[in-house]
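Taken in sequence, the protein lines are chains A and B. Each residue of the first sequence is one higher than the last, beginning at 1 in my numbering. Each residue of the second sequence is one higher than the last, beginning at 1 in my numbering. For glycine and all other residues, C-beta sits at the position ideal for the given N, C-alpha and C. Working notes, beginning with the structure itself.
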Amino acid sequence: MTYYLVIFAAGFAGSFHCIGMCGGFACALGRDQRGGGATVLRHLLYNTGRLTTYCFLGGLAGALGQVICTTQGSIAAPLLSGSLDIAQRILAIGAGLLMIAMALQFFGLLQVFHRLAIGFGGSTVAMSLRSLLTARSSAAPLAFGVFNGFLPCPLVYAFAAQAASTAGALPGVLVMASFGLGTFPAMLMMGGVGRILGPDWRRRGVRLAGGFILLLGLITLGRGLLPSDAHIGYAWLGGHPT
Amino acid sequence: MTAHGNILCSHCSLPVGLRPMERRLNGEDCGFCCYGCCIAFQVKSGRQEEWEAAWLLIQLGVGGFLSMNIMMFSLLLYSDAFTGADAGVLPWIHLLLWIFATPAVVILGGPYLRDMWLNGIQGRVTSSALIVLGVAAAYLYSAFAVFEGSTHVYFDSAVMVLMLFTVGRYLEAVGRARAARDLEPLLAAESERATVVDGAAEIRRPVRDVTAGTLVQVRPGERIPVDGVVIEGESNADEAVITGESRQVPKGAGCTVIAGSINIDGPLLIQSSGDGTATRWAQICRSVREALSRRSPTQRLADRVVGVSVPLVLTLGALTFVYWAQSLPFDRALLIGLSVLVVACPCAVGLAAPMATSLGIGRLARQGCLVRDPGVLETLAQVRLVAFDKTGTLTASEARLVGIDRDEASVDDVLSRAAGLERHSEHGLARAIAAAAAQRGIAPLATSNVRAIPGRGVRGSANGEPMAAGSMRLMDDLGWSLPAALAQRARARAASGHSVVYVGWGGRVHAVLSLDDSPLAEAETTIAALRECGLDVALLTGDLKPAAKRIATMVGIKAVQAGLSPEAKRAALDRLRHDHGLVAMVGDGLNDGPVLAAADVGIAVGSATDLARETAALVLPVDGLWLLPWAVDVARAVRRTILTNLMWAFGYNFVALTAAAFGLLQPILAAAVMAGSSILVVLNSLRLERLPDHVPAPIPEQQRSGAEAERARHDAGISAMAGLEIERS
Chain A
1 MTYYLVIFAA GFAGSFHCIG MCGGFACALG RDQRGGGATV LRHLLYNTGR LTTYCFLGGL
61 AGALGQVICT TQGSIAAPLL SGSLDIAQRI LAIGAGLLMI AMALQFFGLL QVFHRLAIGF
121 GGSTVAMSLR SLLTARSSAA PLAFGVFNGF LPCPLVYAFA AQAASTAGAL PGVLVMASFG
181 LGTFPAMLMM GGVGRILGPD WRRRGVRLAG GFILLLGLIT LGRGLLPSDA HIGYAWLGGH
241 PT
Chain B
1 MTAHGNILCS HCSLPVGLRP MERRLNGEDC GFCCYGCCIA FQVKSGRQEE WEAAWLLIQL
61 GVGGFLSMNI MMFSLLLYSD AFTGADAGVL PWIHLLLWIF ATPAVVILGG PYLRDMWLNG
121 IQGRVTSSAL IVLGVAAAYL YSAFAVFEGS THVYFDSAVM VLMLFTVGRY LEAVGRARAA
181 RDLEPLLAAE SERATVVDGA AEIRRPVRDV TAGTLVQVRP GERIPVDGVV IEGESNADEA
241 VITGESRQVP KGAGCTVIAG SINIDGPLLI QSSGDGTATR WAQICRSVRE ALSRRSPTQR
301 LADRVVGVSV PLVLTLGALT FVYWAQSLPF DRALLIGLSV LVVACPCAVG LAAPMATSLG
361 IGRLARQGCL VRDPGVLETL AQVRLVAFDK TGTLTASEAR LVGIDRDEAS VDDVLSRAAG
421 LERHSEHGLA RAIAAAAAQR GIAPLATSNV RAIPGRGVRG SANGEPMAAG SMRLMDDLGW
481 SLPAALAQRA RARAASGHSV VYVGWGGRVH AVLSLDDSPL AEAETTIAAL RECGLDVALL
541 TGDLKPAAKR IATMVGIKAV QAGLSPEAKR AALDRLRHDH GLVAMVGDGL NDGPVLAAAD
601 VGIAVGSATD LARETAALVL PVDGLWLLPW AVDVARAVRR TILTNLMWAF GYNFVALTAA
661 AFGLLQPILA AAVMAGSSIL VVLNSLRLER LPDHVPAPIP EQQRSGAEAE RARHDAGISA
721 MAGLEIERS
């Protein structure tokens with residue numbers, strides 16, 4: 001449980017990044033003319049859409065991890081509990097490195113992944129999303145949230161990597177769900193009150209999120225590299241629920 | 001801190017880090033900390049534009065929400081997350097899946113059902129039927145299984161198939177929108193509104209209500225809606241859409257402006273010179289729209305194949321199901337049958353040609369090249385020989401001075417006197433003589449008492465001495481003598497198709513000027529470029545043989561047929577077609593109409609009206625002969641794209657169908673394969689957007705150097721002839 005709480009906290013800290021990046025969307029969704037209830041519904045729909053995408057990605061990443069591990073011959077070992085086979089170690093190392101890279105990016109030290117994401121036809125994506133923001137349909141916020149979830153975001157990449165390292169569909173979903181729920185309060189608030197936090201505060205939040213991701217990444221990496229009986233931080237996290 | 005340390009992201013106001021993403025958006029330099037911010041910024045700050053695919057996107061988003069939930073739970077089911085103690089929740093999970101699947105099937109499947117129904121009542125079976133049937137089978141079976149409490153449901157297959165097809169359709173819409181964006185400025189003529197100034201009031205009116213003489217106000221950044229003359233204001237205009245000229249053209253009071261061009265930086269008050277619907281822009285718009293609405297022969301063939309294939313696939317799907325049902329459980333056999341239906345859906349085939357042709361038509365139209373229908377592009381791509389008409393096509397319709405035969409006078413003296421007289425005349429030959437003198441830097445002699453004698457020439461006097469330039473009859477009228485040697489040269493020149501002007505003073509003829517049309521500056525490079533494309537080139541003309549030969553040698557054409565009547569031209573064209581294959585004919589449309597119509601592709605230079613009369617299939621803009629090799633390139637690229645699209649689509653379908661029938665392809669995978677096929681076809685077509693343009697910079701350069709070379713040769717011609725004469729005289 002502690003594990004998911006840590007991820008929730010990381011998501012919450014990370015939502016300072018979200019406020020910068022996606023908060024604009026939440027503001028753009030704005031208020032519904034039909035009253036406060038409709039406005040809340042609008043933003044709930046938007047965030048639900050986002051959360052669904054995250055969970056889906058988590059499930060997919062987890063299942064992928066599971067597939068990688070089971071194709072190595074052995075049945076997927078209960079995660080993080082017993083000894084790890086080679087595939088799980090490789091997966092953990094890969095995911096850990098990815099998370100560390102993302103964390104470094106949050107500290108402004110590494111910018112590789114931006115280049116990778118470029119060239120996907122950003123203008124087309126922008127054009128499509130813009131048309132959704134202005135659409136009158138009440139289902140548009142939900143659709144917008146769904147697509148928003150797919151926007152390239154270092155936080156999502158980092159936690160998807162974490163989900164993959166759990167090597168199971170269910171824990172994968174839960175990792176992303178914890179993360180998504182962590183971003184919920186701030187994003188929901190954004191819709192109502194608009195930009196209240198100054199850039200300084202948000203920068204601190206982003207650093208904090210980077211710290212969380214770095215920590216999780218190091219732990220994941222350690223799981224892949226260190227002998228099974230020496231899992232640092234494992235006990236601290238209270239083990240992984242199976 | 002580095003230099004970038006203080007720069008904040010334009011979107012989220014966080015420091016951008018060491019290497020920011022820099023983009024230029026809406027005319028502002030922006031820096032972003034990440035790609036997501038870059039997109040987010042564009043979404044938030046971009047212009048609000050109506051987008052046809054918006055509703056599809058909502059559909060896709062809601063469908064995505066539902067199907068992702070379904071997939072998530074299905075993934076959990078497949079990964080055996082609910083085993084052992086949790087097995088009790090299984091029926092509830094199935095029920096939940098059903099609850100999610102029902103709206104998803106209704107929302108995503110609705111358009112396909114409607115399409116099937118609309119075609120069905122007209123007695124047609126389309127590919128939508130395959131999808132509807134396949135999905136309905138999976139959905140109904142699974143719903144039944146929920147009631148039965150069975151262990152397997154296939155809601156995920158049903159929904160994901162629909163989802164993937166919708167994604168394919170969405171990307172297709174995006175591709176179409178992108179293709180349409182190319183055409184948008186051309187098609188805007190019909191819906192354009194003009195700000196009409198009526199006294200003090202300004203009223204927005206549709207362009208079709210604008211008549212000659214109406215005053216129209218055009219603000220900076222707006223498109224000029226009508227042809228006309230600037231009454232007031234200073235600005236620059238971008239006429240690229242209509243003329244292909246990429247340079248900005250300065251406009252001030254008295255300048256003519258063209259409908260469809262963009263007024264860039266100052267308000268203009270324009271007096272319309274004709275009806276709003278009679279502009280070249282409106283003509284282009286009509287012909288482009290008409291071209292887009294027609295289908296090419298290849299596409300018609302593909303459509304017919306699709307029409308035949310759908311019932312076949314239905315049969316095959318049924319047979320597959322029956323075959324597998326004998327050895328496998330009912331639900332497994334059903335899934336295999338479903339895979340067959342889904343994978344055989346020929347969506348990509350339907351996409352193969354229209355996207356490529358509309359992109360090609362758009363590309364050509366942006367340079368002012370108009371195409372009658374998509375089939376023209378395919379024919380042009382296969383043409384083996386291009387036949388040219390001479391006058392007005394390969395040659396400038398204006399005459400040029402090509403030779404001077406003299407007797408006891410210098411070239412400079414002759415030209416100076418002739419130009420002194422001829423600059424007072426408006427006759428075509430007179431202009432050519434004055435231009436030739438100016439080109440050599442010879443000042444026209446000051447003349448007085450200049451009188452034009454209609455049909456004969458000009459006479460006047462300089463330094464008290466009478467002078468004349470004109471026909472032999474003028475010299476006869478004046479009683480001036482013509483030296484025998486000069487008379488012989490003049491006869492020879494006239495016999496070889498030249499126009500001859502006699503120049504005399506002091507009671508006798510001193511020189512004979514020969515004039516002829518000469519090739520356009522770009523003719524030679526165009527012919528060379530066509531040869532490089534592997535095309536044969538021929539000259540078919542009604543002119544005299546010597547003149548035709550001379551022009552042909554200058555531009556580099558070897559096959560010449562001269563002295564042809566229009567009927568003989570058609571016969572010659574038939575012979576060429578027999579010897580070479582498909583033949584294109586390039587002419588000026590006015591005189592060559594019937595010949596152009598008889599060619600496989602009739603190409604007219606500079607007269608869009610021929611498109612409407614169906615004499616020409618391709619119209620190049622005025623002075624646009626040099627675009628011909630590029631147009632051939634575009635046509636070939638379009639044909640290549642269509643063929644690769646079709647080959648890919650059919651080949652892919654065939655292989656995937658076989659795999660599905662043998663039970664090797666899961667329905668979801670089959671749908672992904674099909675969506676992938678559509679996407680590949682779209683992407684392959686969109687490659688046409690990246691086709692190199694007509695190389696705006698180097699070609700004018702070449703043209704200019706070509707023109708200079710031509711001028712040099714022209715000068716050399718004069719002096720060579722003069723030199724010859726010096727020896728003779």
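For residue i, report the span of its beta strand (DSSP E) as first-last.
i: B:P519; result: R508 to P519
i: B:D198; result: R193 to D198
i: B:N449; result: S448 to I453
i: B:R205; result: A201 to P206
i: B:V759; result: Chain B is shown only over 1 to 729; residue 759 of chain B falls outside these bounds and no answer can be derived.
i: B:N236; result: S235 to D238
i: B:A604; result: V601 to V605
i: B:S272; result: L268 to S272
Would you mind sorting residue i into buried or exposed? The rule is 16 or more other CB atoms within 10 Å of its CB.
i: B:E239; result: buried
i: B:S327; result: exposed
i: B:E378; result: buried
i: B:T298; result: buried
i: B:N463; result: exposed
i: A:Y54; result: buried
i: B:A709; result: Any answer about B:A709 is weak, because its pLDDT of 43 lies below 50 and its placement is not dependable; what the coordinates show is given next. B:A709 is exposed by the Cβ-count criterion.
i: B:Y78; result: exposed
i: B:W630; result: buried
i: B:L488; result: Reading off the sequence, residue 488 of chain B comes out as Gln, not Leu. The residue in question, B:Q488, is exposed, as its Cβ has fewer than 16 Cβ neighbours within 10 Å.
i: B:H578; result: exposed
i: B:L688; result: buried
i: A:G14; result: buried
Mind checking which residues open and close the alpha helix (DSSP H) that includes residue i?
i: B:W505; result: First-last for B:W505: S499 to W505, but that is the beta strand (DSSP E), not the alpha helix (DSSP H).
i: B:N653; result: L628 to A661
i: B:Q367; result: Careful: B:Q367 lies outside any alpha helix (DSSP H) and carries neither H nor E.
i: B:R473; result: M472 to L478
i: B:Q299; result: P297 to A325
i: B:A671; result: P667 to L686
According to DSSP, simplified to helix, strand and coil, what is residue i?
i: B:A559; result: strand
i: A:G222; result: helix
i: B:V153; result: coil
i: B:A443; result: coil
i: B:L75; result: helix
i: A:Y3; result: helix
i: B:T541; result: coil
i: B:L97; result: helix
i: B:G403; result: strand
i: B:S565; result: coil
i: A:S137; result: coil
i: B:A387; result: strand
i: B:S261; result: coil
i: B:D412; result: helix
i: B:C285; result: helix
i: B:E422; result: helix
i: B:Q122; result: coil
Closest Cβ-Cβ distance between residue i and chain D: below 7 Å?
i: B:G676; result: Of the chains in the structure shown, none is chain D; the protein chains are A and B.
List the whole-angstrom C-beta distance separating residue i from residue j, where the pair is believed to meet the contact cut-off of C-beta under 8 Å.
i: A:Y4; j: A:S165; result: The pair is not a contact, with the Cβ atoms about 14 Å apart (cut-off 8 Å).
i: B:V257; j: B:G228; result: 6 Å
Discussion item. Against chain A, which members of the region 64 to 77 of chain B pass a CB distance test of less than 8 Å?
Written reply: Listed in chain order, the positions of the region 64 to 77 of chain B with a beta carbon within less than 8 Å of a beta carbon of chain A are G64, F65, M68, N69, M71, M72, L75 and L76.
Worksheet entry | chain B contacts from the region 135 to 163 of chain A (Cβ-Cβ distance under 7 Å) | A135, S137, A139, A140, L142, A143, F144, V146, F147, L151, P152, C153 and P154
Item to complete: Could you run through the region 345 to 365 of chain B and flag, in chain order, every residue whose CB is less than 9 Å away from some CB of chain A?
Response: none
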